[in-house]
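Reading through the structure tokens given below for one structure.
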Amino acid sequence: MSMLERLAETYPATPPVARLKAAMLFAGVRFHRCLLEAADTAFPNYMPYHLTDGEPPFRGKRQVQLPYLLRLEDDTQLRLRIKDDSPFQIRPDGHRLGFAIYEGERRICPTGFEERQPWTSMLTADGTPMRATGLSQHGDMLVMNVAPGCEYFVVPGEGRTRNLSCTFCLYGLPDKQRMAPLGQELYVIDVPRPTIDRVIEACRHPTTEAKQLYMVGGSMLDMAEEGERFVRIAERLAAAGLTEKYYVACGTGAIPKAHMKRMRDLGVRGACFNLEVWDPAQFARICPGKASIVGRDRWIGALEDAVDVFGPDHVMSAFVGGAELEGEGAFADPQQALDSALEAGETLIPKGIQAVYSLFWKMTGKNRGEEPAYTLDLFLRLNEGLAAIRRRENRPVNPEFFGKRAAYMQLEPDYDAVDPAFRDHPKFVAAASAAGSAGAATGA
Ligand code: SF4
Numbered sequence: 457m458s459m460l461e462r463l464a465e466t467y468p469a470t471p472p473v474a475r476l477k478a479a480m481l482f483a484g485v486r487f488h489r490c491l492l493e494a495a496d497t498a499f500p501n502y503m504p505y506h507l508t509d510g511e512p513p514f515r516g517k518r519q520v521q522l523p524y525l526l527r528l529e530d531d532t533q534l535r536l537r538i539k540d541d542s543p544f545q546i547r548p549d550g551h552r553l554g555f556a557i558y559e560g561e562r563r564i565c566p567t568g569f570e571e572r573q574p575w576t577s578m579l580t581a582d583g584t585p586m587r588a589t590g591l592s593q594h595g596d597m598l599v600m601n602v603a604p605g606c607e608y609f610v611v612p613g614e615g616r617t618r619n620l621s622c623t624f625c626l627y628g629l630p631d632k633q634r635m636a637p638l639g640q641e642l643y644v645i646d647v648p649r650p651t652i653d654r655v656i657e658a659c660r661h662p663t664t665e666a667k668q669l670y671m672v673g674g675s676m677l678d679m680a681e682e683g684e685r686f687v688r689i690a691e692r693l694a695a696a697g698l699t700e701k702y703y704v705a706c707g708t709g710a711i712p713k714a715h716m717k718r719m720r721d722l723g724v725r726g727a728c729f730n731l732e733v734w735d736p737a738q739f740a741r742i743c744p745g746k747a748s749i750v751g752r753d754r755w756i757g758a759l760e761d762a763v764d765v766f767g768p769d770h771v772m773s774a775f776v777g778g779a780e781l782e783g784e785g786a787f788a789d790p791q792q793a794l795d796s797a798l799e800a801g802e803t804l805i806p807k808g809i810q811a812v813y814s815l816f817w818k819m820t821g822k823n824r825g826e827e828p829a830y831t832l833d834l835f836l837r838l839n840e841g842l843a844a845i846r847r848r849e850n851r852p853v854n855p856e857f858f859g860k861r862a863a864y865m866q867l868e869p870d871y872d873a874v875d876p877a878f879r880d881h882p883k884f885v886a887a888a889s890a891a892g893s894a895g896a897a898t899g900a
């Protein structure tokens, strides 16, 4: 039985496209040379790919670029990853999208790639490549990260620093190569003015075609300072008209309510404070910085404050599905991880806070890139459970904030978009009418 056949039998309540997406996030795709030419016009993966020994070089090179995101016919988006033992492969196809997904020799569906947006190869007025301004894009969502270094990696203590970073995290590493071009200094609130000027210039570019602008950054040790940093960035975005152009959301740590209010008054519309792991003991083990410096109760309290400030359809918290099952002190049984994840949904969703889960990808340790076998099933079971809670509570994930073309590692929007219970939900009606008027305006 193929992987997709097994998933169809086991998870009939999951939309077929969500099963396919989960399977491909988990298993990746086998390399095919059509990906090499496709990268000329696709949004590029920020990590280069090294051709394996049996493959001839491409345009004289063994280190090549591959597309970053697949885009299916119904706008489902997912991150592409190469895994040699995957049952899936992408091959050229006569469909207008140009390619198709195969499982073994069975053609599953047509696919294309998220296109490279012209802004990514342009320069700002001072000659900086726009893609080096701290801006990246996943479909409809621009992610602005002008202060990537996270202070939890270097917490000052008696004569030395301690690493209290989240165990799965590599992207917050205070790496000089990333921080220096942006001028970020650890323990300093302000990011240099020219850095903000440049990223604003990139965000204002008409070819982003994005709808959301999500402000993120590494954590600061002092939540009030982190709040202040983002209020100051939001002031600049508002002055440049970007809070009108985009749905701007703040993806900070659990900042004080006063800072949330200031951001809302500047036009910021949503907040996402990532708790990462729900169970208190696992949270302390996996996120020692968040747990010891902020604390779980304060984190949840900040999410509740955010509902007061931004409204119930405008608050989310991201979680890493399966992180509780890895490393020393992990849950012994996947059922515990599932129960805990569903408890997060049962607690947060009725309060107007969406719990959004991404599949746990192993990014660190000696088995990096080898996902544990239970992860795929855990991911689908918890997504089915969370979708049922959202349906019961009549609270879909707000497509203005986080829609199908923003979710490249998560499934929630893929469930809600086809859930008959939400067909007439005001949020989906509003999103459909906004897409219709945008199409009319562009002649699409
Ligand atoms: S708070 Fe955790 S997940 Fe966020 S950047 Fe720091 S270490 Fe990484």
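Following this note's numbering, the residues of the sequence shown are numbered contiguously, the last one being 900.
Yeah, the Cβ is synthetic: ideal placement off N, Cα and C, and Gly gets one too.
Residue i, DSSP secondary structure in three states
{"i": "Arg-527", "result": "strand"}
{"i": "Gln-640", "result": "coil"}
{"i": "Ala-469", "result": "coil"}
{"i": "Phe-884", "result": "helix"}
{"i": "Glu-571", "result": "strand"}
{"i": "Gly-757", "result": "helix"}
{"i": "Leu-591", "result": "strand"}
{"i": "Glu-782", "result": "coil"}
{"i": "Cys-706", "result": "strand"}
{"i": "Val-602", "result": "coil"}
{"i": "Tyr-864", "result": "coil"}
{"i": "Arg-475", "result": "helix"}
{"i": "Glu-732", "result": "strand"}
{"i": "Pro-876", "result": "helix"}
{"i": "Met-676", "result": "coil"}
{"i": "Gly-777", "result": "strand"}
{"i": "Pro-790", "result": "helix"}
{"i": "Asp-631", "result": "coil"}
Beta-bridge partners of residue i, as assigned by DSSP
{"i": "Cys-625", "result": "Answer by DSSP bridge pairing: none, since Cys-625 is not bridged."}
{"i": "Gln-519", "result": "His-506"}
{"i": "Thr-617", "result": "Pro-612"}
{"i": "Val-771", "result": "Ala-727, Ile-809"}
{"i": "Phe-514", "result": "Lys-517"}
{"i": "Ala-498", "result": "Glu-571"}
{"i": "Ile-538", "result": "Val-485"}
{"i": "Gln-533", "result": "Arg-527"}
{"i": "Cys-565", "result": "Ile-557"}
{"i": "Met-597", "result": "His-594, Gln-668"}
Host beta strand (DSSP E) of residue i (start-end)
{"i": "His-715", "result": "Segment 713 to 722 is the alpha helix (DSSP H) holding His-715; no beta strand (DSSP E) there."}
{"i": "Tyr-813", "result": "809 to 815"}
{"i": "Val-687", "result": "Careful: Val-687 lies outside any beta strand (DSSP E), inside the alpha helix (DSSP H) at 679 to 695."}
{"i": "Leu-553", "result": "Looking at the DSSP string, Leu-553 is not in any beta strand (DSSP E), and its letter there is neither H nor E."}
{"i": "Leu-579", "result": "Here Leu-579 belongs to no beta strand (DSSP E), and DSSP marks it neither H nor E."}
{"i": "Leu-920", "result": "Here the chain comprises residues numbered 457 to 900, so residue 920 is not present and cannot be evaluated."}
Per-residue burial, residue i [other beta carbons within 10 Å of its own, 16 or more giving buried]
{"i": "Pro-882", "result": "exposed"}
{"i": "Thr-664", "result": "buried"}
{"i": "Ser-577", "result": "exposed"}
{"i": "His-594", "result": "buried"}
{"i": "Thr-617", "result": "exposed"}
{"i": "Ser-889", "result": "exposed"}
{"i": "Leu-626", "result": "exposed"}
{"i": "Thr-898", "result": "Low confidence applies here, because Thr-898 scores a pLDDT of 36, under 50, leaving its location unreliable; read the following figure in that light. It counts as exposed."}
{"i": "Met-864", "result": "The sequence as given places Tyr at residue 864; Met does not occur at that position. With 16 or more Cβ atoms within 10 Å of its Cβ, Tyr-864 is classed as buried."}
{"i": "Met-480", "result": "buried"}
{"i": "Lys-860", "result": "buried"}
{"i": "Gly-726", "result": "buried"}
{"i": "Gly-683", "result": "buried"}
{"i": "Ser-458", "result": "exposed"}
{"i": "Ser-748", "result": "exposed"}
{"i": "His-506", "result": "exposed"}
{"i": "Leu-476", "result": "buried"}
Endpoints, the alpha helix (DSSP H) within which residue i is located
{"i": "Pro-650", "result": "649 to 660"}
{"i": "Ala-871", "result": "According to the sequence provided, residue 871 is Tyr. The question's Ala does not apply to it. From DSSP, the alpha helix (DSSP H) with Tyr-871 extends over 868 to 872."}
{"i": "Pro-548", "result": "Not the alpha helix (DSSP H): Pro-548 falls in the beta strand (DSSP E), residues 544 to 548."}
{"i": "Ser-458", "result": "From DSSP, Ser-458 is part of no alpha helix (DSSP H); its letter is neither H nor E."}
{"i": "Pro-646", "result": "Note that residue 646 is Asp in the sequence shown here, rather than Pro. It is not in any alpha helix (DSSP H) - Asp-646 carries neither H nor E in the DSSP assignment."}
{"i": "Thr-664", "result": "First-last for Thr-664: undefined, no H or E at that position."}
{"i": "Arg-851", "result": "Premise fails: Arg-851 is in no alpha helix (DSSP H) and is neither H nor E."}
Minimum Cβ-Cβ distance from residue i to chain B less than 7 Å
{"i": "Arg-837", "result": "Absence of chain B from the displayed structure is noted, only one protein chain being present."}
Hey, which residues come within less than 5 Å of the ligand SF4, measuring from Cβ to any heavy atom, in chain order? Working through the chain, the matches are Cys-606, Tyr-608, Ser-621, Cys-622, Cys-625, Gly-628, Gly-674, Ser-675.
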